[in-house]
Every structure is written in structure tokens, then in C-alpha cells.
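Data first, discussion second: the structure below is written as C-alpha cells.
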Amino acid sequence: MGLFERLMHIDRRIIFLCIALAVLIPFIFPLRLPTYVTRRVKDVYDRIETLTPDDPPVLISIDYDPAAMPELQPMTLAVLRHCFSKDLKVITMTLHQAGPGLALDATSEAAEEYGKVNGIDYVFLGFKPAIAMVIDQMGQDIHRAFPEDYFGTPLSEIPMIADIHTYDDISLIVTFAASAITEAWVAYANGPYQEPVAAGCTAVSATDYYPFLQTGQLFGLIGGLKGAAEYEYLIGVPGRAIIGMDAQSIAHLIIIVFVIIGNVAFFVQRRGAAGGGRRG
Amino acid sequence: MRRQVPLAICFFLGVTMAIQYFIPHRVSLVYGETIRTWYLIVFTFALVLGTGSLIRVHWARIRRRASGWWYSLIAMGGLVLTLAVGFFGGIGQEGLFMKLYNYVQVPLEGTMFSLLAFYIASAAYRAFRARTLEATLLLLAAGIVMLGRVPIGQSIWAGFPRITEWILEVPNLAAKRGIMIGVGLGMISTAVKIILGIERSWIGGGD
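Taken in order, these protein sequences are the chains called U and H.
Here the first sequence is numbered in the working numbering, starting from 1 and rising by one per residue.
Here the second sequence is numbered in the working numbering, starting from 281 and rising by one per residue.
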């Protein structure tokens, strides 16, 4: 068996080992590669940057499960930190049944860092099933969609949200999702109520939302760990995303190297087979 | 009757809700709000039905000692434990419920998802071949986007992020919009077929 044939049938465990090392080594020896900021992430940052503490609250919907947490939790934290650092009022919620734990963690972690108090500076509404219906019902009356917050306190007894009833009383919405929940926010909050919506999503689903960006149905997009790293860079609070970018950079590079090796081996072998055929 | 009543309810609600959307009168708004509230209630019952179905399937596997029945036992144990801890211990951040979530569910799901990186790398090595012009274009676009979306790409060549943005904003956008329009038209046609009773598979039990 020649070199190129051996390369064509390389043991998958070697590939797994290379990827594992590519992910692990940058965590031990950081490369500190410079992060650059893309327009769509900057749009989200700039829009929040224009808000003042006197503006209506920002609604952040944390619509993902633990599988998407490595990509989406860093960007959720970055946006929450941005809002709390500007003393904006924040409402958080989730439309994913496995999301309340992550949403509560992210909200509490960012709030504690900035000394924010539940019920005064922020409210966590918890989870409600039936995505489209909840979003639509919130447009009619948030208190009907969520009569109580996550901890069972009636919204009418929470000073921060007692007078917040519809999307007219919300500055903007940012949804973090790894599924079609983002499209539901576009269809049911932006469409009928013209509420500004931005999205944070996994890198693999980011391509789905470019049509909404062009039409203005989404005013910004934070895509994948790279987007989260950009946001961390913009707010000047380096977090898990910036640390993770080194590992992701090397992993992407390794995959590209493997694809090139695979193609070289493929073409050399094919040429060899064609040459053998002609000789025969 | 078992088929006619659901079909009649579906037709009535489908038509009235479609009309309601375009009439901003108070009666219309109250009707829409009432139906949406009912939808939430019915949906919540669907969650109960789903849990019941899950218990029935796994319980049957455990009783029959079917292949891998201990996985079902673990699934049932997890369900009962989580429910009991949530009901009796509360769902606060410091409680056992959240500890189960943070230290069991989060690492398990994170591990499953992260395994994708290894399989994608292996699959890309074996299947990503420039056999045709289309495959070559796909290969080049994927390579550029993979480099353009990480900082090392810009360190190699500053043009990678710019070309990546162009790929995402122009050809990707055009293709996605075409797909979305097709999906949207398909959804409208399916909805009309369901409302008019032409498509009846949702009732179950064959035609």
C-alpha cells in the first residue's frame, strides 16, 4: 500500500486525536490571536449603546438548551453585561423547555457582577411553552403571557415590570437560540408589532438569518463563538469566547489541512488509476 | 363523528383565526386572545401527554426486558428523581434541582454536542472531495468561510474575512431567500389543505 493509499484510509482515531490536541493545546498555551469585529455584531452593540437608563427595558430571550451552551452562553453573558454596565433595565425569559437553568444562571451571574437587584433592575420571567403563541400574546399583554415571574411573584407586584404591558413598553428584543425560535420572534414580534429584534445563534445556523438582516427584520446578528468573542471585545470584558477562539482557530485549520491532504491523496490515486488503465 | 368533529373544529378555527388577524375590531381582538389562551392550555396538556407516552414506552421496554432495557430504567429513574426533587425541593438556584441540571444535564448534553467536532472532521476528510465543479466550488467556499470566521484566518490573509462576508451576504443570502420562499409557499399550501380537510393525516388512523 502506497503513501497516498494509506492517507486515503487513515484511521479515524488519528483525526480524532489531532482535533483533541488542536482544541486542548491552545487552552494551555494561548495564542492570543487578535479579534476583529464584523458589521452585524457591531450593529447589536451600537443599538444597545444608544439606550439610556430612562429607556424602556431590554427583553432578552435565552432560548437554547445545554447542547448549545458553549456557543451561546458567552454571547448571552456579554449582552447582559453590556446592558447592566449601562444601568439598563432587563427582562429575561426562555421559550426552550431546557433553558430555564441556563437563563437563570446567565441572568444571575451578570447581575451579581454589576450589583443589580432582582425585581428592581431585572426580572426573570421563566419558561412558557408554545413559542409562537407566547410571543404573539406578549404583544397583547405580557402580564397575560407571564402572570408571574420565575419565582412565583405576580408581575403586578414587581415594580420594574408592573407598568410594562406590551412591546411598546420594550426598547428592543435580543433572542439567543440554536433553533427556529429566532424566526418566530421575527414573524410574531417584529412583523405585527415592528419591535426591533436582534439574534444570537450558533455558527452553523447563522447563514439562515442573512435574509432577515437585509430586510431589517433583524437589526443585528451575533453568530457563533466568533460573534460572542467580538461582543466581548466591544464591551472590553474578555470572557470564555475570546479564550475559545484560539482553540476554534486551530481546529478549523486542522480540518482544512486534513481536507487538503485527503484531496491530494484522492487526485494522485485517481491519476495513478487512470494511468494504469491506459497502460493496460 | 370521530373524524368529522375534529375536521369541523379545525376548519372553523382556521378560517376565523385567519380572518381575525386582519380585523382590528375589539370583538375580533378578544376572540383572538381567547383562542390563544386556549391554545396555551391545550399545549400544556400536550406536554403531559408526551410525558405519559414516554413513561408508557420505557415501562414496556423494562417489563419485556427488551434489548438495552437498563437505559430505559435509567431514563425512568432520571425522570422520577428530577420530578420529585423539583416538586419537593423547589427550583431555586441553590437547590438540588438546579444542581442536577448544572452538573448532570449540562455536561451530558455539552459532551454529546461537542462530539460533533470530531465526527465533522473525520467526515470532511473522507467525503469532501473536489470530484465535480459544484463540489469544488462548495469546497472552496467552505474553506474560505472556515478561515474567514476565525481570527487565524485574518492573521494569514486580511482578505479572508472580507470574502467570507461577501459569500454570506450575497450568494448565501440569495440561496437562503429562495429556500425560505419555497418553504413559505409550502407551509401556506399545507395549511390551506389542512383547514379545508384535504390533508387529514394529522387525525391519525389512516384515511
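Just so it is clear, CB atoms sit at the ideal spot from N, CA and C, and this is done for glycine as well.
Which of the three DSSP states is assigned to residue i in this structure?
i                      : result
residue 478 of chain H : coil
residue 210 of chain U : helix
residue 294 of chain H : helix
residue 285 of chain H : helix
residue 175 of chain U : strand
residue 222 of chain U : strand
residue 154 of chain U : strand
residue 127 of chain U : strand
residue 122 of chain U : strand
residue 145 of chain U : helix
residue 401 of chain H : helix
residue 438 of chain H : coil
residue 200 of chain U : strand
residue 410 of chain H : coil
residue 160 of chain U : coil
residue 468 of chain H : helix
residue 5 of chain U   : helix
residue 11 of chain U  : coil
residue 432 of chain H : helix
residue 117 of chain U : coil
residue 240 of chain U : helix
residue 182 of chain U : helix
residue 166 of chain U : coil
residue 255 of chain U : helix
Taking only beta-carbon positions, decide if residue i is within less than 7 angstroms of chain H.
i                      : result
residue 124 of chain U : no
residue 211 of chain U : yes
residue 93 of chain U  : no
residue 29 of chain U  : no
residue 252 of chain U : yes
residue 351 of chain U : As shown, chain U starts at 1 and ends at 280. That puts residue 351 of chain U outside it, with no answer to give.
residue 12 of chain U  : yes
residue 21 of chain U  : no
residue 245 of chain U : yes
residue 248 of chain U : yes
residue 174 of chain U : no
residue 234 of chain U : no
residue 259 of chain U : yes
residue 283 of chain U : Given that chain U is displayed from residue 1 to residue 280, the structure contains no residue 283 of chain U and the question cannot be resolved.
residue 280 of chain U : For residue 280 of chain U, the pLDDT reaches just 44, beneath the cut-off of 50, and the residue's location in the model is therefore unreliable, although a value from the coordinates is still provided. Chain H, which has no Cβ nearer than 7 angstroms to the Cβ of residue 280 of chain U, makes this no.
Does residue i get closer than 7 angstroms to chain U when you measure Cβ to Cβ?
i                      : result
residue 423 of chain H : yes
residue 383 of chain H : no
residue 330 of chain H : no
residue 300 of chain H : no
residue 360 of chain H : no
residue 335 of chain H : no
residue 484 of chain H : no
residue 461 of chain H : no
residue 374 of chain H : no
residue 434 of chain H : yes
Residue ranges of each beta strand (DSSP E) within the segment 35-104 of chain U, 3 or longer | 58-63, 90-94, all fully within the segment 35-104 of chain U.
Residues, ordered as in the chain, of the segment 35-53 of chain U that lie near chain H by beta-carbon distance below 8 angstroms = Result list: 35, 36, 38, 39.
What residues in the segment 103-124 of chain U bring their beta carbon closer than 9 angstroms to a beta carbon of chain H?
-> Those would be 104, 105, 108, in chain order.
Inter-stretch contact (C-beta, 8 angstroms, three-pair minimum) for the segment 68-79 of chain U and the segment 248-264 of chain U | The segment 248-264 of chain U and the segment 68-79 of chain U do not touch, with fewer than three beta-carbon pairs separated by less than 8 angstroms.
Inspect the CB distances between the segment 4-11 of chain U and the segment 123-136 of chain U and report whether three or more fall short of 8 angstroms.
-> In short, these stretches do not touch, since the Cβ pair count stays below three.
Listed from N- to C-terminal order along the chain, which residues in the segment 189-209 of chain U have their beta-carbon within a distance smaller than 7 angstroms of any beta-carbon of chain H?
-> Flagged, chain order: 203, 207, 208.
Which runs of the alpha helix (DSSP H) spanning at least 4 residues fall entirely within the segment 309-365 of chain H, listed in chain order?
-> Qualifying alpha helix (DSSP H) stretches: none in this window.
Using 8 angstroms as the Cβ pair cut-off and three pairs as the minimum, do the segment 190-201 of chain U and the segment 212-221 of chain U touch?
-> The segment 212-221 of chain U and the segment 190-201 of chain U touch, with three or more beta-carbon pairs separated by less than 8 angstroms.
Against chain U: residues of the segment 338-366 of chain H by CB proximity under 7 angstroms | Within the segment 338-366 of chain H, not one residue has a Cβ closer than 7 angstroms to any Cβ of chain U.
At a cut of 8 angstroms, does the segment 107-126 of chain U reach the segment 82-93 of chain U through at least three beta carbon pairs?
-> Note that the segment 107-126 of chain U touches the segment 82-93 of chain U; at least 3 beta-carbon pairs, one per stretch, sit closer than 8 angstroms.
Short-range partners of chain H found in the segment 55-75 of chain U, where Cβ spacing is below 8 angstroms | With the criterion set as a beta carbon lying under 8 angstroms from some beta carbon of chain H, the members of the segment 55-75 of chain U are 65, 66, 67, 68, 69, 70, in sequence order.
At a cut of 8 angstroms, does the segment 217-232 of chain U reach the segment 402-416 of chain H through at least three beta carbon pairs?
-> The segment 217-232 of chain U vs the segment 402-416 of chain H: no contact.
Contact between the segment 14-24 of chain U and the segment 252-271 of chain U: three or more CB pairs below 8 angstroms?
-> By the Cβ criterion, the segment 14-24 of chain U is in contact with the segment 252-271 of chain U, since at least three pairs of Cβ atoms, one from each stretch, lie closer than 8 angstroms.
Spell out a yes or no on whether the segment 473-483 of chain H and the segment 282-292 of chain H are touching, meaning 3 or more CB-CB pairs, one atom from each, closer than 8 angstroms.
-> Touching, yes, given that three or more Cβ pairs across the two stretches are closer than 8 angstroms.
Going along the chain, which residues of the segment 442-472 of chain H sit with their C-beta nearer than 8 angstroms to a C-beta in chain U?
-> So the close ones are 445, 448, 449, 452, 453, 456, 457, 460.
Looking at C-beta atoms only, is the number of pairs between the segment 175-185 of chain U and the segment 154-164 of chain U that lie closer than 8 angstroms three or more?
-> Output reads no: the segment 154-164 of chain U does not touch the segment 175-185 of chain U.
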